[in-house]
Every structure is written in C-alpha cells, then in structure tokens.
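In full-length UniProt numbering, the protein residues as written are 1 to 1162.
Here it is, written out as structure tokens:
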C-alpha cells in the first residue's frame, strides 16, 4: 500500500480565525500553530484502527467546533527485535515535561455505536482442534488458579493502579472477538512456559545466551501482538486496548500446542512524547487487555505501544500508534504582583500561564474593593498582562485574584494576594538607640513613626558624623529595617547619629542627634619580664614594662602567672594588681619555673607576654634522714643496714649517703660507707658487741645533718681458724690425722670437718664430727695427699685451716691391668725369627710402681715354667704349639717385693701358613705369557681360603708384585720379544704368609714380521706382468725376505718367487686365465729358524678382452684398469676406517652446533 503524505493548503484569514475546511471521506484535518501561523494538515484516515477491547470509561465530549473533524495519527513503525525480559515491568521511566502547547483539540469518534453486533467477522478463526485444546487448557488454568481465586501469578509483574477496574470481564462484541475466544487465546499463550524447569530458571535468572527451541517459539508468539487501539481521548488521559497475540492459521496445530503457554500473559504499555523513535515510558503493566492512561499533558503528540510478556520472556513491542491529547482550559496563573503604586493607584502585572493547547484570549482580574469580606468583583477583563487600578484610598489593603480564559474555558483563579496603597509623608522618628557596642562597630535600632499605618512601606536613612572629622553627617544605612550595625569604626571614638523616615510621598525630618562611643580595644601584651636581684632558693623578684599599645584605655591591673617546670601545662595566678614588679615566694629549691604577664583594661584582656621568663632556683643541702634500720639478723662480724631517702632533697637529687659508726668503748665515730646506694654491709665488727650508726645525705649543695642514732648488737661469731692438723703414717695405705680446738667466739664448737684429697684444689669432706682425730684408710702408697680442717658452732662455720701435705710410704707394684696381643708390625725381631704359629707377642700397660721402680716382670703360662723378663712392657713367647690356646698372667716386681698377679688372659697361636704352589707357563707369545699355578680353589671354609701373590723380577734383581688374589691364572702383557723373565709365587691365608717359591724363568719367542700391504700388478704384455710390493725394515738386525705366491684360476697357490727384492717379473702367462697374487714377509733369524709373517690381501689380474684391446698398448691399459677395479673392491684399511669415522663425527658435530646456534640461541 502506498504511503500518503499530508497535503499543505495555504489559506489567509483576515480576523485570525480558522475557516471551515471540508475534507473528502477517509481523510481528517489537524490544525498546528507555529510562530503565530496556523497550519491545517489533511491526513489519511488510519485503515487498521479499531476501538479498544474494553468499553470506554466515559465518552469523549463533542468537538467544540463543528468544522474540526476527528484526528487519527500516523501508522507506527516496525517493532524492535525480540529480547529477553530481564526485569519486572512497570518501572517508571524518565519523561520530559515538554509538550506541544498550541494544538487545537482533535477527537477520535468511535464507530462502535454505528456497528451492529454481527457486522464484523470474529477477530481470530478457530477450528475444532483448537476448541478442544481450549477446553483442556481452560481446565488446567482453573486447577492452577483455583487456590488463588484467579489472582496474580507468582513472579508476574504487579498490576498498575491505573488499570481499568470497571471494564466488563468480556470483550466488547464490536471488536469482533467474543469473551470465550479471548480467554482461549490467553489460555493457549499461557501454555508456552510449560517446558522444563531449566528453561524457566534460565529466564528468571536473566542469563544471556541463546534460547532453546521452545523459548524461541514462545518469544515468536509473543512478538505477534498487534498494535493497540486508543479511544476516549481526553485532555489528560485516554483508554488503550489491545488483543492477545495469536499464531497465523497457516502454521501446524502441533507447533501451536507446543508453543501455547500455561502461565498467564502480562502486558506492558509504554508511551513516548518525543516521536516514534524516542524514549518510551512504561505507564501500565498487568494481565488485562485494556488500560486507562492518566496524568498526560493536554494538546501533546504521543506514541503508544504494547509488549507481551510470559514468565519473564518478552516479545517484540507492537507497532506504535500515535495520538494527540485534547486541548483544555489554561492552568491557574500565578498571583498578580504590584509593579508600582501611589496613595490612590496600584499598577498590577502578571505572567501568562500554560494555555494547554488553546491560545489565551482574555484575563479576568477580580478584587474585593478593599472591604475584606471575601466577595470579589471583576475589575478587569481583557488580553493585557497588566492593569492600573485608580481611585483608591491611601494606606489601604486590597485583595486581588486572577484567572485566564481561552476557547476551551476559564481556568481556576490564582491565590489571593494582598496589596497596599501608599500614605502621606511620615513624621520624624525617635532618635536611634544603642543596642550593642563593639571596638569597631555599633549596633543601633529605632522605632517606626507612630502616625504611619502598618500598610505603608516606610524606609529609613541612618546618618553618622565622626567627632572631629569635619565632614558632617554622612548616610550609613538606607533600607526598611529597624536596626543597623555600623562597622569599620575607630576604637574608643565618639560618633553622632540621626535617622529619617521616608516613603513614596516624601522624606521626614531627621530625628534628634545622639552620641555613642565605641568600646576601647584590648591592650597589647606587656614586655618580657626580667629578674631583679639574686634568685634565692625560695623566692625571686621580677619586673616588667607596660604594653606599648593600651588599646585606647588605661591599664587597670597586671596579672602574673607562674608554672612549675618547663612544660607550661598548668599555670597558677600569683599576682594581680597595678604594680609592675612582684616577689614570687614559697618556691621549691632547685626547681625550674616559668612566669608570664598579661594586663587588663576596659577594652579587655591583653595577650600574654611574647616570651616567658624561665627561672631556676638554687638547691640547698638535703634534710635529715631517718635512722638506718637493720636488715635481717645481725651477724657476728657484719650487719646489713638499709635506709630511705630524705623527705627534703633540697632541690637537687641526692647523690651520696654517708654512714658513721661508733664503738661501745669509744665515742669517736668513723665513716664505714659512702656511696649512692640505699643499703650497705658493715664488717669488721666484734661478735656480741653494741654499735651506734648514723646517716646523712648529700647533693650538689653538700651534706645535710646527721640522723638519729641506731644501736645494733652483733650476734655470736663462728669459730676462729683452726691450726694445721698433724698426720702420722701407720702403713702405706693408712694415715692418722689429729688436731686441736680453735677459739669458739662465744659459742662452743659442735663439730669438725676434715677435707682430704689428692690435689689441693679438689679436696672433699672425709670426716664430720666432734672428735679430735681421724684415721684415713685405703690410700695409695707413695702418693701425696692434702688435708685441711674447719670448726663449726651454732653461729656458723669457721674458716679452713692451712692445707697440710702428707706423703704415704712406698710399696710393692700394683697388678697389671690389661694385656694386648702384639702386632707383627710392632715386633722388633725379623720375620724369620717370629712366626705367629709358634710365637705369641704380648704387650701390657705398666702398673703403678708405688714409689719404687719396677725391676722385672714374671709371665705365668700355667703348666710351663714362668718366664722372668726385665722391666719391659712387651715380650715374644717362642716355642709354642701352632693353633693352641694359652692362659697368661703377669706379675710386676720392685725392690720391695712382688706385686699381685694380673687377671688371666686367654691367647691363641695361629695355624701354620700354606706352602707355595708349582708355577707353569700355559701359553706364550712374543708379548704375553699366561702363567698357571695350583689345582683350583680350596674346598675349606672362607677363613681358610688361600690367596696368592705373584711377583716378577726386574733388571736390578728386585721382585715386583704383579697379582694378588684367589685366582690360579694370570696373563703377563707388554713384554719384549726373545726376553727371559723371572717369576716367583707365594700362598697366604689367615694363618699368615707362606714362603716364596723358587724362581721360575720364562722366555718370550721372537715376533714374526708385519703383514705386507696388497701388491701392485701391472700387465706388460699378453704373457707377462710385473708385481711390486712395499719393503719392510729389518727387525733387530735380522734381514727380511719375501715370498710371492701365484694362483691361476681355481687352483692352489704356488710359490713364484722368494728373495729380498720388492718386485718380480712374471712370465709365461696364459692370456685367457685369471691370476691371483699375494706376498708374505720372512724374518731370517741368525740362531733360529726363519719366521713367516701373514700373507697380504690377494690381487687379481684379469685376462685382456679381445673386443677392446687393440695392440699391446691397449692390453697394457686394460690390465691397469683391471688392477684399479680390483683395488677399489678391496676392503678399507684400519687407518682409512678411522679417518672416515672421524670425518662423520666432525660433520655431525658441526650440524648440532648449527642447530643450537639457530634455534636455541637466536
């Protein structure tokens, strides 16, 4: 269908009114006013327009002008693409307050009154299958909604309060849809959410992503909703209705059943006043198929669209339908204001209110004529926005209100405003009064003239004259207030003031002149105080100068504050008066003080002095201390004293204490302690005596007075030091110790303690008791011992006596403690004389000789005669039986006799060592000899297993060990040819090493010559050739000869030449036969038969071909070619193989280095 655009028809009207315009059927006209020019738009009527599904709440009023037909908006645009509904509908969006204000009213006339009930076909066609499905789904809906009474479904959006509540439950039959048909559609749509729970959960959670097939089908079904129908358009509201979404009849019924929702559908209605593509604001959200939209702006173009939702899944919005709200009467205007006025006139002005689509033609101004009865009469009617009211009474109140009128009606009246007319010139007011005064300001107030009415607007002029300025009165204030604060004045200065009143009629005479004085300012801080005279321990005198600036008033008093210490946290008032010096008394000696001064006048208190005066009082000696007190019980010769610091330290910390003591027989005192501690120990006293102690303290000023006396009596003392005890030796192991009792010092001795020890510093108590002697037993002979004595009483332990040295006499030696087996390496005798099988070497630790040197030892072997030896600690016992145990003990002897025997030690001789085996040479060569000995490994235990040591003699006659182990063969390598070597062998086991065998001599044979390299064969002619080979050097002076062998065909090799030459000319060859040649070297020994070496590789001489050979020259070349090919077929030598392997490894290393450089490093 082709889109028709509006036509523009130019018109002219002399009086500004719109003439009647007749449009053809199917078209409507719309009037728009812009910049004072009215335009009439002729638009085609919307063909798809249908009235709402619900009956309107109220019918629209008839159009005010008969020549204005109904207006129908443009078709809506296509809806946006479908999307997931992620939030609850019904949110209020942002909506601007702009609207089109000069639209003339346009109405939509519904055709439902002119249609019959059967004049339009049904809106949705259904077949029998659809009817059955509807009945089944209707039953399910009743079961699910039975408990809730058909209320709101869970998780569905709340119903809007603007929903049409008075609409009938069935759809108007004029819409072409019956009540049951609409309910069937809603039931089918509610079936689309009957899928799995995961689908619903995903939709509720608002997760983004692709929908499954059922959700997509449901969304496609929701997007089929048709555009809404607007009806009952008013100035501030209208009714919107729509139809439920339906699927086209062409789709299969199976798909329709799968996509039919079980949940009820909800709808969201949104409007936009900024065009079809503007921002839409949600106005309604619910399950009904119609809604009443309110709170719209009159004469404004809107676009409305509807969107279907089911279980948080949104379909695409419908097409937008445009409409324009009707015009109405203007809004209530603001109250008029007073522009100017006199005693008899008032000039009022006002602003135009919102015209709501129809131009304001006139304003209605009403007043109460100054009566105040609340009855208003019209005083002005016209299009102007101001009015002058005349013939009024002076100083009277008049009430006014205003309303506006356009073609649609009259607005409500504005609020009532009260205005006053002026009065006559006011009388002179009373002089101003001082309310409050400051240093630089004065606050004045005055009264309104009594003759002026309250309704009159009176203003005041305050004039001021400064004393001595010479400028006269100058205005300081002009306004309607009854008070004023004059600022920026000088301190303590006299000012004159007067006030005059004026209104619109004129100015009164000024009041009487009054004088006021500003307050003086506070003085500045006094000068820094100074000290007068000498500072005493308890007082000092200070003085100060007056402040440089007194603030305009005399200083009345000075205040001195004192702070103890240098922190300045707390200050104490010490003086307040007019004097400028003061003596600070009652101070503490040795303390620091701070002083500060400030002054006071009528202007207030000055700041404190800029810097404080710091004073340090001198210290005095400390006061008397309390007498010292005794700590614990007094000892016999020492007392412990303790004391506390003095109560008065004199202003300086106590640095030293002095303790004096006086004896019982002498009044003279002596100082026994001087130091900073609070306790001391006084020693050197006599036991049981009374002593007097006094204390005094000192600081940097000196010592203070002595304290009272403290008498202390010493206790009994410990015994005096004992005399050295005496010792008497009864035997080498027994000593008798005796002693005498020392002075007891007032308490009897209760016990003696004797300490005994081998060293002076490690003595231990060996006796404790009241006796005067003690016998020490179990001592070692010829040993030095120390002893000392100590006496004990109830008072304590006396000091030890001097240590006494005691020497025990000599005695026989002690017993030998340990006996060890002598190792073979420790034996001083040569091995032939010492055999572990027949000898036992023993050693022992020498015992203590007990003061007399050991002269000999006696070795007891049990059954045999004891062996007496000299003063040695090791001995070899000979002539014993092999593998035999012996019990041995040893006794030491000195000049005093024989000591005790040692403990018995059991020692055993070793078995006899094995004999050497026979040595044989089983294999030999010119460089190696294989030797063999014995018959095989022994079958005895592991401890008796035989091992062998093979030695070979060198040129100097010494034998060097070649092999040592359990094997019975050994191969001697790296020998020289034709050389004799000497060998000997020895067998050994745990019993020891056996004797060496006789010397065996073995000689290596001569070495054969080395192999000769492959000979070279060169054909000379058809019957002869020449064979050459490399020469070998002579071997140790023996000449080398060569043997050349030749083989024809497959026959045996035959000797062709033997001699010392390195080439041979072979003749009588058959032309058609193959010949093979090889060479070996022969060593011509002088005193032995000749030695033949290995043969060289074979070289083949092939016959000459007839088809290729042409003459003797060709034959020679063919022979050479055959020889070269034969050489090529030879195997590589060892040197060539080694060189080839070296080259291969070098290439591989270069490749690896290249790979590392290229791929790893780069």
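Every residue, glycine too, gets a C-beta built ideally from N, C-alpha and C. Being a predicted model, the structure only gives us computed values, none of them experimental.
What residue range is occupied by the uninterrupted alpha helix (DSSP H) comprising residue i?
i, result
"residue 217", "213-222"
"residue 1143", "1134-1155"
Going by the DSSP bridge assignment, what does residue i pair with across the sheet?
i, result
"residue 584", "540"
"residue 247", "In DSSP, residue 247 forms no bridge with anything."
"residue 563", "594"
"residue 970", "931"
"residue 1002", "981"
"residue 844", "819"
Would you kindly work out how many angstroms separate the C-alpha atoms of residue i and residue j, rounded to a whole number?
i, j, result
"residue 630", "residue 662", "16 Å"
"residue 95", "residue 269", "The predicted model places residue 95 with a pLDDT of 35, which falls under 50 and marks its position as unreliable, so this point remains unresolved."
"residue 479", "residue 328", "46 Å"
"residue 1157", "residue 1147", "15 Å"
"residue 1022", "residue 1068", "9 Å"
"residue 1080", "residue 996", "46 Å"
"residue 81", "residue 318", "With a pLDDT of 38 at residue 81, under the threshold of 50, the modelled position of this residue cannot be trusted; read the value that follows with caution. So the two alpha carbons sit approximately 11 Å from each other."
"residue 924", "residue 930", "6 Å"
"residue 611", "residue 560", "13 Å"
"residue 967", "residue 881", "31 Å"
"residue 419", "residue 453", "14 Å"
"residue 380", "residue 362", "10 Å"
"residue 688", "residue 717", "8 Å"
"residue 1135", "residue 1064", "28 Å"
"residue 1028", "residue 1016", "5 Å"
"residue 834", "residue 975", "38 Å"
"residue 810", "residue 898", "13 Å"
"residue 633", "residue 736", "40 Å"
"residue 1099", "residue 1077", "5 Å"
"residue 672", "residue 713", "16 Å"
"residue 474", "residue 517", "17 Å"
"residue 797", "residue 790", "7 Å"
Beta strand (DSSP E) containing residue i: first to last residue?
i, result
"residue 897", "897-901"
"residue 289", "No beta strand (DSSP E) contains residue 289, which DSSP labels as neither H nor E."
"residue 671", "669-675"
"residue 231", "229-231"
"residue 697", "690-699"
"residue 1163", "Since the first residue shown for the chain is 1 and the last is 1162, residue 1163 is missing from the structure and cannot be characterised."
"residue 1061", "No beta strand (DSSP E) holds residue 1061; DSSP gives it neither H nor E."
"residue 995", "992-996"
"residue 449", "Taken as a continuous stretch (DSSP letters only), residue 449 belongs to no beta strand (DSSP E), as it is neither H nor E."
"residue 573", "572-577"
"residue 1195", "The structure shown has nothing for residue 1195, since the chain only spans 1 to 1162."
"residue 516", "514-517"
"residue 475", "474-479"
"residue 490", "From DSSP, residue 490 is part of no beta strand (DSSP E); its letter is neither H nor E."
"residue 462", "459-466"
"residue 406", "397-406"
Give the C-beta separation of residue i and residue j to the nearest angstrom, bearing in mind that I take them to be a contact with Cβ-Cβ under 8 Å.
i, j, result
"residue 788", "residue 765", "Their Cβ separation, rounded to whole angstroms, is 10 Å, which puts residue 788 and residue 765 out of contact at 8 Å."
"residue 293", "residue 309", "At roughly 19 Å, the Cβ-Cβ gap does not stay under 8 Å, so residue 293 and residue 309 are not in contact."
"residue 965", "residue 981", "Not quite, the Cβ-Cβ distance comes to about 20 Å (not below 8 Å), so this is no contact."
"residue 872", "residue 845", "The pair is not a contact, with the Cβ atoms about 13 Å apart (cut-off 8 Å)."
"residue 432", "residue 514", "6 Å"
"residue 912", "residue 888", "Not really, about 22 Å apart at Cβ, beyond 8 Å."
"residue 566", "residue 497", "Not confirmed; about 53 Å, so no contact."
"residue 301", "residue 395", "Actually they are not in contact, since the Cβ atoms of residue 301 and residue 395 sit about 53 Å apart, beyond 8 Å."
"residue 699", "residue 650", "5 Å"
"residue 358", "residue 406", "4 Å"
Could you tell me which whole alpha helix (DSSP H) segments of length 4 or greater appear in the UniProt domain "Fibronectin type-III" (718-811)?
none
Which runs of the beta strand (DSSP E), 3 residues or longer, sit entirely within the segment 851-929?
854-860, 867-869, 874-877, 885-894, 897-901, 905-908, 919-924
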